[in-house]
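Which chain is which? The protein sequence lines are A and B, in order. So in this note's numbering, spot 69 of the first sequence is number 69, and the numbers just go up one at a time. If you want this note's numbering, it's the position in the second sequence, counting the first as 1, plus 1000. From the three backbone atoms N, C-alpha and C, an ideal C-beta is built for every residue, glycine too. What you are looking at is a predicted structure, and each value in this text was computed from that prediction instead of being measured.
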Amino acid sequence: MVRMMWEDAFSEIPRSIPRIVWSMDRCPTPMACKKCLEICPQAVFMLITVKNQKFVETDVNEPGAYAMHPLFRDKCVGCLDCVRACPAGAINIAFEGEGD
Amino acid sequence: MCQYCMTHGHGQVWYKNALNYARQMYKLRKREGAGDPRQKELDPESQAGLILAQAVEAKTADPQRYPELKKMANRLVMQTSVGQVVTLQEAMDIVDLASPIALMSCVCRKMTRGKVEDDERSYTCMGLGIGMFKWDRWPERYKGGVEFVTPDQARDWLRKWNKKGMMHSIMTHGTPYIGGICNCDYPDCLAIRYRLDYGINQLIKGHWVAKVDYEKCNGCGVCVSRCQFGAVKKEVTTGKTNIDMMRCFGCGLCETGCKRQAVTMVERTTLPGMRGVW
């Protein structure tokens, strides 16, 4: 496994960073599914525990208890595997200039 | 010399200094005078997490602010939770210094891959010290509880994950208090990711670097598949492994995976060119 920490050549060409929107309305219980977390080759998503209470275990089926955040979206290559894997259609990825 | 050894080593390697596992060191104070009232309610690690996220976001979205945010993130992680790579042997020595030892679930793997470790067979993280007695306060963090183990059991567990290809690092919980030993890989481990991809130094290189003995190496490539830092390659021209020692973090996975003892771990400070590389 070779990973180079290289700087982009042709750096005068701006790199396209996607806008990734995850919709909690469509996916209220991400921890019960986690398909996007598992499938992403670049591990772009991060799971946020919204409900973290002392002495109480969070129910994965409780709506709104967890949220998905595309923290590492600068690493997204735009393969759209997550969009296809999502049973709720909750992920929307748009690269600027690629049609919206 | 390693900065943490200078400030917290008391004349020795800082993670071999039993004081850094002692009960009275277990404290994480809230940051005073944080502007945002919502931030005040957070524990220091979550506060650091917020700044880290801002720096990650800024790397591409706001390059002008990135250096400043990175500096801030670096300062915060150094105070709250910072890791240093240790070899398997060092990790196995550490379990004799701290008590109690408890196996627990990894928070990074849960966040990045949604992996829930809720029994003793799947636990990939090790908590050290007095804080582990309070695990039941946060059932969401410690899913399925924790497993208290003896030093010998802990060593077997470390060997198991090392064999599977995880590298070990110590992690502070309010530096210099060492609160645990992690078993990490890329990209699941947030500390490795922050360091490699965003230049945030939540993971410091270890006290050792790997060096290949070209006489013994037969180029089988096992070490290449074990490196989590992209430092090891198969050099086709020579038919041997090549390790970029500048990229090496000193975890020793290539050494423990090599069947011909072709990799030796060299002390970082003995190499003039490596002394300042952490």
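| Check | Outcome |
| --- | --- |
| So does the stretch 1221-1240 of chain B actually touch the stretch 1055-1070 of chain B, counting three or more Cβ pairs closer than 8 Å? | no |
| Determine the contact status of Met-1246 (chain B) and Val-1266 (chain B), defining contact as a CB-CB distance below 8 Å. | no |
| Give every residue of the same chain whose Cβ lies closer than 7 Å to the Cβ of Gly-1252 (chain B), excluding the five residues on either side of it in the sequence, and list them in chain order. | Thr-1087, Leu-1088, Trp-1208, Ala-1210 and Met-1265 |
| CB-CB under 7 Å to Ala-1262 (chain B), same chain, minus the five flanking residues each way: which ones, in chain order? | Val-1212, Asp-1213, Lys-1216 and Cys-1217 |
| Taking Cβ-Cβ distances below 8 Å as the criterion, which residues of the stretch 1107-1124 of chain B are in contact with chain A? | Lys-1110, Met-1111, Thr-1112, Arg-1113 and Gly-1114 |
| Between the alpha carbons of Val-1224 (chain B) and Phe-72 (chain A), how many angstroms are there, rounded? | 26 Å |
| Can you pull out the residues from the stretch 1051-1079 of chain B whose beta carbon lies closer than 8 Å to at least one beta carbon of chain A? | Ala-1053, Val-1056, Glu-1057, Lys-1059, Thr-1060 and Ala-1061 |
| Using three-state DSSP, classify Gly-1033 (chain B) as helix, strand or coil. | The predicted position of Gly-1033 (chain B) is uncertain, since its pLDDT is 47 and thus under 50; no value can be drawn from it. |
| Can the beta-carbon of Met-1104 (chain B) be found closer than 8 Å to that of Tyr-1142 (chain B)? | yes |
| Output, in chain order, the set of chain A residues within a Cβ distance shorter than 9 Å of Arg-1155 (chain B). | Within 9 Å Cβ-Cβ: nothing; Arg-1155 (chain B) doesn't reach chain A, min ~27 Å. |
| State yes or no: is the C-beta of His-69 (chain A) within less than 8 Å of the C-beta of Ile-48 (chain A)? | yes |
| Consult DSSP for Gly-1257 (chain B) and reduce its assignment to one of helix, strand or coil. | helix |
| Can you list the beta strand (DSSP E) stretches of 3 or more residues lying completely in the stretch 1-82 of chain A, in chain order? | 19-22, 46-49 and 66-69 |
| Over what stretch of residues does the alpha helix (DSSP H) that includes Lys-1071 (chain B) continue unbroken? | 1066-1079 |
| If the cut is a Cβ gap below 7 Å, which residues of chain B does Val-77 (chain A) touch? | Under the 7 Å cutoff, chain B gives no residues; its nearest Cβ is about 13 Å from Val-77 (chain A). |
| How close, in whole Å, do the beta carbons of Glu-1140 (chain B) and Glu-1120 (chain B) come, if the pair is a contact with beta carbons under 8 Å? | Actually they do not touch by this definition, with Cβ atoms about 19 Å apart. |
| Within 8 Å (strictly less), CB to CB, does Pro-1139 (chain B) reach chain A? | yes |
| Is Asp-1197 (chain B) close to chain A? Criterion is C-beta to C-beta, closer than 8 Å. | yes |
| Across which residues does DSSP place Ala-94 (chain A) in a beta bridge pair? | A:Arg-19 |
| Counting C-beta neighbours from all protein chains within 10 Å, is the total for Glu-96 (chain A) 16 or more, i.e. buried, or is it exposed? | exposed |
| Would you verify that the beta carbon of Ala-102 (chain A) is, or is not, closer than 8 Å to some beta carbon of chain B? | One cannot answer for residue 102 (chain A) here, as it falls past the ends of chain A, which runs 1 to 100. |
| At the 8 Å Cβ level, is Thr-29 (chain A) part of the contact set with chain B, yes or no? | no |
| Using the C-alpha atoms, what's the distance from Ile-1200 (chain B) back to Val-1222 (chain B)? | 29 Å |
| May I ask which residues mark the beginning and end of the alpha helix (DSSP H) holding His-1008 (chain B)? | 1003-1008 |
| Would you list the one or two residues that DSSP bridges to Leu-1196 (chain B)? | Per DSSP, none; premise fails for Leu-1196 (chain B). |
| Which residue wins for smallest C-alpha separation from Met-46 (chain A), given the options B:Thr-1256, B:Ala-1055, B:Ser-1122 and B:Asp-1188? | B:Asp-1188 |
| At a Cβ threshold of 8 Å, is Pro-960 (chain B) touching chain A? | Only positions 1001 to 1278 of chain B appear in this structure, which leaves residue 960 (chain B) out of reach. |
| Tell me whether Glu-57 (chain A) is buried or exposed, calling it buried when 16 or more other Cβ atoms sit within 10 Å of its Cβ. | exposed |
| Taking three-plus beta-carbon pairs below 8 Å as touching, is the stretch 78-85 of chain A in contact with the stretch 1066-1077 of chain B? | no |
| Between Ile-17 (chain A) and the rest of its own chain, which residues show a CB-CB distance below 7 Å, the 5 nearest in sequence each way excluded? | Arg-73 and Asp-74 |
| Are Glu-1057 (chain B) and Thr-1080 (chain B) touching if we call contact CB-CB under 8 Å? | no |
| Quick one, are the C-beta atoms of Cys-76 (chain A) and Ile-39 (chain A) less than 8 Å apart? | no |
| What residues in the stretch 67-93 of chain A have a beta carbon less than 9 Å from any beta carbon of chain B? | His-69, Leu-71, Phe-72, Arg-73, Asp-74 and Lys-75 |
| Compare the Cα-Cα distances from Asp-1136 (chain B) to each of B:Gly-1145, B:Ala-1154, B:Gly-1129 and B:Ala-1073 and report the closest residue. | B:Gly-1145 |
| Check Cys-1251 (chain B) in the structure and name its three-state DSSP category. | coil |
| Would you mind sorting Thr-1256 (chain B) into buried or exposed? The rule is 16 or more other CB atoms within 10 Å of its CB. | buried |
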